[in-house]
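Q: Residue numbers (the numbering used here): 1 to 228.
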Ligand code: 5RP
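In structure tokens form, the structure reads like this:
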């Protein structure tokens, strides 16, 4: 079974958790997209869906899901979203899809958060995936120097790399840029999170700690449920 089929399985299982009338946070990425499709297939009445990116908003709109915004529906019943890594205690790395800021805003407004992923995302220690850090575009190279100092304090031999794609520098939906820290074991995720957040110019980082209430992991044989 491919990782995409495992993602689909996790997304479909999570869609079963949604009840009619709920306000639902919609994550971003390929796994979250499976959830969005499965949710639309259920045809539940009275849903209001808050997307975490323009890409997810476009997909949900196409599928006929009723959309809302965090401004109009500041309290969310359930958010379902993917992750780049699922570590012990359901500590996560997110932001591979550059939507980490909106994702974290929606997660923090949610009564319950379910992370969905394929089996390869589950790790013993965070740090195999490069940690995304969202930075204000103004003076971002200066901020990157300060990020490098923080990373050095946490045992990283290199600073973070500006994320680019075919069209040039990647911009988030909010117009910020992304720096990716090198991969390497994150010994103290809470301290690294606090140190990054203390830098002027850092908008958010992809460490999602103490936010997930449950993980649904797609396997070849079904799904596995993990709790913090
Ligand atoms: C987007 C994210 C995604 O949830 C994460 O990158 C996982 O993506 P995928 O489901 O495509 O593997 O954090 O910012």
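Where is the CB? At the ideal position from N, CA and C, for every residue including glycine.
1) Anyone know if the C-beta pair for residue 6 and residue 81 falls short of 7 angstroms?
2) Taking just the CA atoms, how far does residue 31 sit from residue 150?
3) Report back the beta-carbon spacing between residue 114 and residue 214 to the nearest angstrom; my notes put them in contact at under 8 angstroms.
4) Would you say residue 24 and residue 47 are within 7 angstroms of each other, going by their C-beta atoms?
5) Of the choices 99, 184, 133 and 106, whose alpha-carbon is the least far from that of residue 199?
6) Alpha carbons only, please: which of 156, 175 and 180 is nearest the one belonging to residue 162?
7) For a cutoff of 7 angstroms on Cβ pairs, would you count residue 228 as touching chain B?
8) Report, in whole angstroms, the separation of the C-beta atoms of residue 27 and residue 79, which I expect to be a contact under 8 angstroms.
9) Determine, using beta carbons only, whether residue 76 and residue 36 come nearer to each other than 7 angstroms.
10) Please find out if some non-hydrogen atom of the ligand 5RP comes closer than 6 angstroms to the beta-carbon of residue 57.
11) What residues in its chain sit with their C-beta under 7 angstroms from that of residue 54, if we drop five residues either side in the sequence?
12) Express the C-alpha separation of residue 184 and residue 210 in angstroms, rounding to a whole number.
13) Ignoring anything shorter than 3 residues, give me the beta strand (DSSP E) runs that lie fully in the stretch 147-197, in order along the chain.
14) Does the beta-carbon of residue 9 have 16 or more other beta-carbons within 10 angstroms, so that it is buried, or is it exposed?
15) Spatial neighbours of residue 144 within its chain, please: CB distance less than 8 angstroms, with the 5 preceding and 5 following residues excluded, ordered by chain position.
16) CB residue 83 to CB residue 3, shorter than 7 angstroms?
17) Output needed for residue 73: all residues of its chain with C-beta closer than 7 angstroms, excluding positions within five of it in sequence on either side, in chain order.
18) According to DSSP, which residues form a beta bridge with residue 53?
A: Here's the rundown:
1) In this structure, residue 81 does not lie closer than 7 angstroms to residue 6 by Cβ.
2) Their backbone Cα atoms lie some 31 angstroms apart in a straight line.
3) That pair is a contact at about 5 angstroms.
4) The answer is yes: Cβ separation under 7 angstroms.
5) The residue with the shortest Cα to Cα distance from residue 199 is 133.
6) Ranking the options by Cα distance to residue 162, first place goes to 180.
7) This model lacks chain B altogether; it includes just one protein chain.
8) Yes, they are in contact, since the Cβ atoms of residue 27 and residue 79 sit about 7 angstroms apart, within 8 angstroms.
9) In terms of Cβ geometry, residue 76 and residue 36 do not form a close pair [threshold 7 angstroms].
10) Residue 57 Cβ: outside cutoff for every heavy atom of the ligand 5RP.
11) By the criterion of a C-beta distance shorter than 7 angstroms, residue 54 is surrounded in its chain by 173, once the five residues flanking it on both sides are discounted.
12) One Cα belongs to residue 210, the other to residue 184, and the distance between them is close to 21 angstroms.
13) Runs found: 177-180.
14) That one is buried.
15) The residues are 135, 159, 160, 162 and 179.
16) No.
17) Hits under 7 angstroms: 23, 48 and 50.
18) Answer is none; residue 53 lacks a bridge partner.
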